[in-house]
């Protein structure tokens with residue numbers, strides 16, 4: 001009888017434990033759900049509070065009176081700044097206590113209070129999106145080893161561009177000014193752009209490439225504005241190199257023939273370029289490289305010393321230079337033994353570096369058509385015929401092209 005009572009008590013205790021265990025689990029689950037709901041509501045509250053603060057700031061900005069936009073000329077000391085406000089003129093204005101006068105530098109845009117002309121805010125420089133797209137963000141990966149047959153040109157561009165950027169103290173010790181810019185001229189495809197990219201790589205400079213035709217705009221004053229903003233962006237990202245290709249499109253000689261409003265706008269753009277070349281100091285780590293294949297039509301005012309300090313000619317490559325260019329462009333190719341690149345170079349008298357690169361590419365295409373993994377001497381000879389005889393498509397046998 002005693003054993004039966006004991007077993008009943010134990011069974012009753014187990015039921016009670018299971019009951020309260022289930023109750024505890026349900027309570028913990030309920031607490032977890034309530035906690036998650038609380039966190040979600042707090043996140044929604046924080047988001048709504050942030051939106052309310054943003055709307056209040058916008059309302060406050062809308063209720064403030066309008067401000068003038070000016071350009072700082074120079075600081076005068078004692079919280080005074082000389083500011084240019086177009087078209088009204090120049091003013092000496094007070095600086096708001098909220099603005100640190102150490103952050104105020106020449107040529108920056110500032111906001112002036114409508115009633116008292118007090119400087120209340122420093123504005124970011126306004127740069128046209130088209131100008132921003134001209135800048136190559138990364139440093140170019142081209143090196144001097146990729147440039148063949150231009151030893152003299154490499155030496156000259158090192159003296160004028162690379163040496164002032166890396167060792168400006170040498171010019172200071174000699175007491176001579178640093179060169180501002182150079183002009184690269186020669187036939188198309190002779191390596192002008194490639195050398196400009198290589199010097200930007202070796203000097204760790206930002207490379208800003210712009211074509212002269214991009215600065216020829218439809219509306220009056222747009223080209224001049226783009227030139228100004230181009231140099232503003234170069235100052236902000238110094239050290240930088242501005243490479244202006246096809247400079248003859250805006251730098252041609254001026255004439256009094258009255259060619260119309262289009263020619264007048266091109267001349268305004270060139271005058272602004274001359275003004276910018278005269279306006280910046282060479283010690284600011286901004287170098288200008290111009291390139292053209294029509295140096296005979298450039299305006300003499302653009303070519304004078306102080307604007308363009310050196311003119312470097314890029315002639316068609318010699319026989320040895322052509323062989324070196326072929327070696328540079330074919331060193332990553334899978335060539336068979338015994339290929340005589342010198343004989344290939346002798347057959348391409350007067351060819352440019354771009355045509356030599358095209359020969360290497362076409363030789364690889366001939367091997368690809370025959371499903372080979374190596375390039376032969378015959379592939380190069382066929383490629384020479386195809387590249388140099390561009391208009392004679394029927395000269396080459398289809399049986400040689402597709403065996």
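In full-length UniProt numbering, the protein residues as written are 1 to 403. Quick reminder that beta carbons are idealized off the backbone N, C-alpha and C, glycines included.
Could you spell out where the beta strand (DSSP E) holding residue i opens and where it closes?
i	result
residue 154	Segment 151 to 157 is the alpha helix (DSSP H) holding residue 154; no beta strand (DSSP E) there.
residue 207	206 to 211
residue 245	240 to 245
residue 192	Run containing residue 192: none in the beta strand (DSSP E); it sits in the alpha helix (DSSP H), 192 to 202.
residue 183	181 to 185
residue 123	119 to 123
Can you have a look at residue i and say buried or exposed, based on whether 16 or more other CB atoms are within 10 angstroms of its CB?
i	result
residue 379	buried
residue 339	buried
residue 245	buried
residue 287	buried
residue 116	exposed
residue 323	buried
residue 123	exposed
residue 355	buried
residue 440	A query on residue 440 cannot be resolved here, the shown segment of the chain reaching from 1 to 403 and no further.
residue 143	exposed
residue 275	exposed
residue 197	buried
residue 153	buried
residue 164	buried
residue 215	buried
residue 206	buried
residue 260	Low per-residue confidence applies at residue 260: pLDDT is 49, beneath 50, and the placement is therefore not dependable, though the value from the model is reported in the following sentence. Residue 260 should be labelled exposed.
residue 29	exposed
For residue i and residue j, I'd like the C-alpha separation in whole angstroms.
i	j	result
residue 84	residue 170	37 Å
residue 186	residue 107	37 Å
residue 365	residue 264	48 Å
residue 226	residue 389	41 Å
residue 38	residue 26	18 Å
residue 304	residue 209	23 Å
residue 104	residue 72	8 Å
residue 23	residue 55	48 Å
residue 249	residue 268	13 Å
residue 344	residue 109	59 Å
residue 12	residue 19	11 Å
residue 81	residue 92	5 Å
residue 321	residue 148	6 Å
residue 224	residue 302	16 Å
residue 326	residue 146	11 Å
residue 166	residue 313	24 Å
residue 222	residue 76	33 Å
residue 277	residue 78	33 Å
residue 253	residue 213	16 Å
residue 69	residue 211	31 Å
residue 374	residue 337	10 Å
residue 118	residue 112	5 Å
residue 183	residue 311	5 Å
residue 150	residue 350	15 Å
residue 14	residue 21	10 Å
residue 57	residue 41	24 Å
residue 359	residue 372	17 Å
residue 63	residue 114	13 Å
residue 49	residue 60	16 Å
residue 295	residue 174	32 Å
residue 95	residue 67	14 Å
residue 156	residue 315	15 Å
residue 376	residue 328	17 Å
residue 319	residue 342	8 Å
residue 176	residue 266	34 Å
Below 8 Å on the Cβ atoms is my guess for residue i versus residue j; work out the distance and round it to an integer in Å.
i	j	result
residue 413	residue 188	Nothing about residue 413 can be read from this structure; the chain reaches only from 1 to 403.
residue 247	residue 230	In fact, because the Cβ distance is near 13 Å, the residues do not count as touching under 8 Å.
residue 239	residue 203	7 Å
residue 357	residue 384	Rounded, the Cβ-Cβ distance is 13 Å, inconsistent with contact.
residue 298	residue 251	5 Å
residue 181	residue 308	5 Å
residue 199	residue 161	5 Å
residue 272	residue 235	At roughly 16 Å, the Cβ-Cβ gap does not stay under 8 Å, so residue 272 and residue 235 are not in contact.
Would a check of beta-carbon distances place residue i closer than 9 Å to chain C?
i	result
residue 95	Here there is only one protein chain, and chain C is not present.
Output the boundary residues of the alpha helix (DSSP H) element that contains residue i.
i	result
residue 165	163 to 166
residue 146	Note, residue 146: premise wrong, no alpha helix (DSSP H); not H, not E.
residue 235	222 to 236
residue 385	377 to 388
Taking 8 Å as the line, does the beta carbon of residue i fall inside it for any heavy atom of the ligand PLP?
i	result
residue 194	As far as ligands go, the structure on display features none, and thus does not contain the ligand PLP.
- Segments of 3+ residues assigned as beta strand (DSSP E) that fall wholly inside the stretch 71 to 112: 80 to 85, 89 to 94, 109 to 112
Could you pull out every unbroken beta strand (DSSP E) segment of at least 3 residues lying fully inside the stretch 288 to 368, listed in chain order? 310 to 313
- Item | Minimum length 4: unbroken alpha helix (DSSP H) runs contained in the stretch 29 to 54 | Listed in chain order, there is nothing to give.
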